[in-house]
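Residue numbers (full-length UniProt numbering): 1 to 390.
Idealized CB from N, CA, C, for every residue including glycine.
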Amino acid sequence: MSGTMAAALRGSLVTLVKGLSGPRWQHLASRPLSLSSSLSGAEPPPARADATFKVTMVPGDGVGPELMTAVKEVFKAGDVPVEFEEFHLSEVQNMASEEKLEQVLTSMKNNKVAIKGKIHTPMEFKGELASYEMRLRRKLDLFANVVHVNSLPGYNTRHNNLDLVIIREQTEGEYSSLEHESVSGVIECLKIITREKSRRIAKFAFDYATKKGRNKVTAVHKANIMKLGDGLFLQSCAEVAQLYPKIKYENIIIDNCCMQLVQNPYQFDVLVMPNLYGNIIDNLAAGLVGGAGVVPGESYSAEYAVFETGARHPFAQAVGRNIANPTAMLLSAANMLRHLNLEYHSQMVSDAVKRVIKQGKVRTRDLGGYCTTGDFVHAIVENLRHRPIY
Numbered sequence: 001m002s003g004t005m006a007a008a009l010r011g012s013l014v015t016l017v018k019g020l021s022g023p024r025w026q027h028l029a030s031r032p033l034s035l036s037s038s039l040s041g042a043e044p045p046p047a048r049a050d051a052t053f054k055v056t057m058v059p060g061d062g063v064g065p066e067l068m069t070a071v072k073e074v075f076k077a078g079d080v081p082v083e084f085e086e087f088h089l090s091e092v093q094n095m096a097s098e099e100k101l102e103q104v105l106t107s108m109k110n111n112k113v114a115i116k117g118k119i120h121t122p123m124e125f126k127g128e129l130a131s132y133e134m135r136l137r138r139k140l141d142l143f144a145n146v147v148h149v150n151s152l153p154g155y156n157t158r159h160n161n162l163d164l165v166i167i168r169e170q171t172e173g174e175y176s177s178l179e180h181e182s183v184s185g186v187i188e189c190l191k192i193i194t195r196e197k198s199r200r201i202a203k204f205a206f207d208y209a210t211k212k213g214r215n216k217v218t219a220v221h222k223a224n225i226m227k228l229g230d231g232l233f234l235q236s237c238a239e240v241a242q243l244y245p246k247i248k249y250e251n252i253i254i255d256n257c258c259m260q261l262v263q264n265p266y267q268f269d270v271l272v273m274p275n276l277y278g279n280i281i282d283n284l285a286a287g288l289v290g291g292a293g294v295v296p297g298e299s300y301s302a303e304y305a306v307f308e309t310g311a312r313h314p315f316a317q318a319v320g321r322n323i324a325n326p327t328a329m330l331l332s333a334a335n336m337l338r339h340l341n342l343e344y345h346s347q348m349v350s351d352a353v354k355r356v357i358k359q360g361k362v363r364t365r366d367l368g369g370y371c372t373t374g375d376f377v378h379a380i381v382e383n384l385r386h387r388p389i390y
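Now the structure itself:
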């Protein structure tokens with residue numbers, strides 16, 4: 001090789017090395033090397049996300065603001081790439097108006113994802129149409145409410161190792177807001193059941209079962225008494241079931257379902273039902289695994305997803321006492337991260353919450369402990385700080 005050619009080659013190598021040491025490549029040095037999953041025998045941890053996601057936050061009433069504070073503290077400790085647009089909407093604290101409702105709706109429509117506390121409607125308010133909670137659901141068409149009832153590791157209940165899903169249609173049924181006094185002392189409430197929405201929620205339930213690898217869908221009804229209304233719902237579920245031959249389909253009357261859930265909940269997998277029954281079953285099932293403070297939930301439309309607690313209670317008597325259990329909201333927040341494809345952060349938050357409960361040293365009063373909300377959140381934050389970094 002001639003001296004001129006050798007010098008040119010050395011110059012090219014020097015230029016290449018300098019280029020690799022520049023800012024464009026420096027970030028690669030901080031990335032750990034990982035073995036192929038086929039060689040190491042384990043799946044590699046999911047890559048972290050670089051983008052920041054905007055999420056609408058509506059703390060709601062009761063202990064909702066305290067639960068949202070817990071979410072923000074845990075997300076900060078875990079370096080979760082989420083930015084919250086926070087709106088306070090409350091009928092109890094006179095913080096509700098048409099303008100504020102529109103602001104919340106605009107934010108939700110832009111972000112597509114929200115995390116929300118319970119917006120409580122006082123009993124003395126007449127007419128469900130005045131409820132901002134219901135109006136949000138209807139304007140966003142959040143027709144499917146999903147509550148995953150899962151036993152917590154390390155916390156023993158009457159039935160352990162529970163794993164069932166409750167899917168509720170929440171835009172019609174008994175909550176249609178159509179009631180009136182026909183004559184003095186006589187109130188008529190209309191229950192609306194439509195074929196379109198019954199088939200839609202049934203298809204959602206079977207699609208969910210298929211996607212999540214579940215084996216059975218059970219329709220909950222009272223068609224033995226309400227032969228037309230619940231009869232239409234039951235007929236719609238049966239028609240949709242024929243399109244999913246690999247998923248076992250059954251139906252059960254609501255009162256028997258309540259008894260069976262208490263006696264032998266293991267027979268159920270995915271349950272689908274109209275609005276009112278879902279409200280009741282959500283709360284009953286939450287009681288099987290620890291109560292309203294530990295069960296997450298979410299509501300879906302074709303475009304939007306709203307994450308909240310599974311059993312919707314404002315827990316007003318606990319406001320300001322630092323005793324609320326943030327587990328349900330934190331697990332719901334973890335589900336939200338999974339929905340955003342932030343799998344690493346979702347698993348990180350979920351594992352930290354469940355690890356603290358399993359250790360049994362820090363538990364809120366509803367789980368038989370004596371710790372405050374702040375103590376519980378602090379324990380989760382400490383867990384996150386000592387997590388392995390991938």
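Take the Cβ of residue i as the centre, count every other Cβ of all protein chains shown within 10 Å, and call the residue buried at 16 or more, exposed below.
i, result
"M259", "exposed"
"H386", "exposed"
"P153", "exposed"
"S236", "buried"
"L190", "exposed"
"Y300", "buried"
"T373", "buried"
"E298", "buried"
"K227", "exposed"
"V186", "exposed"
"R363", "buried"
"K197", "buried"
"Y370", "exposed"
"E66", "buried"
"G41", "Here G41 scores only 34 on pLDDT, less than 50, and its place in the model should not be relied on; the value that follows carries that caveat. Classification of G41: exposed, given that the 10 Å Cβ count is below 16."
"D255", "exposed"
"G22", "At G22, the pLDDT of 42 sits below 50, so the modelled position is not reliable; the number obtained from the coordinates is stated separately. Under this definition G22 is an exposed residue."
"V147", "buried"
"S346", "buried"
Grab the span of the beta strand (DSSP E) containing residue i for me, first residue to last.
i, result
"D351", "D351 -> not in any beta strand (DSSP E); alpha helix (DSSP H) instead, spanning E343 to Q359."
"T309", "A305 to T309"
"N251", "K248 to I253"
"F204", "No beta strand (DSSP E) contains F204, which is instead part of the alpha helix (DSSP H) from R195 to K211."
"G297", "P296 to Y300"
"S182", "E179 to V183"
"I166", "D163 to E169"
"A219", "K216 to H221"
"I187", "V186 to C189"
"N383", "Where N383 is concerned, there is no enclosing beta strand (DSSP E), although the alpha helix (DSSP H) it sits in stretches over T373 to R385."
"H148", "A144 to N150"
Are residue i and residue j close, meaning C-beta to C-beta below 8 Å?
i, j, result
"V82", "V55", "yes"
"I192", "S176", "yes"
"E169", "P274", "yes"
"A333", "N383", "no"
"V289", "N150", "yes"
"T309", "A292", "yes"
"E174", "L276", "yes"
"D61", "I115", "no"
"L136", "R195", "no"
"A241", "V262", "no"
"Y132", "L101", "yes"
Name the residue from the options whose alpha carbon lies nearest to the alpha carbon of residue i.
i, options, result
"A219", "K212, E239 and G213", "E239"
"Y208", "C257, D269 and S346", "D269"
"E172", "L142, N111 and L234", "L142"
"N224", "V217, I252, V295 and I247", "I252"
"K109", "Y132, A305, I187 and H148", "A305"
"M134", "V147, E91, D163 and N160", "E91"
"E85", "M57, G78 and S97", "M57"
"Y244", "K112, G213, Q263 and V183", "G213"
"residue 392", "S131, L101 and I167", "Past the edges of the chain, shown from 1 to 390, lies residue 392, and the structure says nothing about it."
"K112", "S346, M336 and D375", "M336"
"F53", "R338, F376, E188 and K354", "R338"
"D366", "E250, G287, A302 and S346", "G287"
Can you give me the start and stop residues for the alpha helix (DSSP H) that residue i sits inside?
i, result
"C237", "G229 to A241"
"N110", "E98 to N111"
"S54", "The residue asked about is misnamed: residue 54 is Lys in this sequence, not Ser. Unbroken run through K54 is the beta strand (DSSP E), F53 to V58; no alpha helix (DSSP H)."
"D282", "N275 to V289"
"F84", "Per DSSP, F84 belongs to no alpha helix (DSSP H); it is in the beta strand (DSSP E), V82 to E86."
"P326", "Where P326 is concerned, there is no enclosing alpha helix (DSSP H), given that its DSSP letter is neither H nor E."
"F268", "From DSSP, F268 is part of no alpha helix (DSSP H); its letter is neither H nor E."
"P65", "G64 to A77"
"L140", "Y132 to L140"
How many whole angstroms separate the CB atoms of residue i and residue j, which I take to be in contact at a CB cut-off of 8 Å?
i, j, result
"A144", "F87", "The pair is not a contact, with the Cβ atoms about 23 Å apart (cut-off 8 Å)."
"K139", "L105", "6 Å"
"V295", "A328", "5 Å"
"residue 394", "V63", "Because the chain in this structure spans residues 1 to 390, residue 394 falls outside the shown range and cannot be described."
"L331", "L164", "So it is not a contact: roughly 15 Å between Cβ atoms."
"P326", "V381", "Their Cβ separation, rounded to whole angstroms, is 12 Å, which puts P326 and V381 out of contact at 8 Å."
"K248", "N215", "6 Å"
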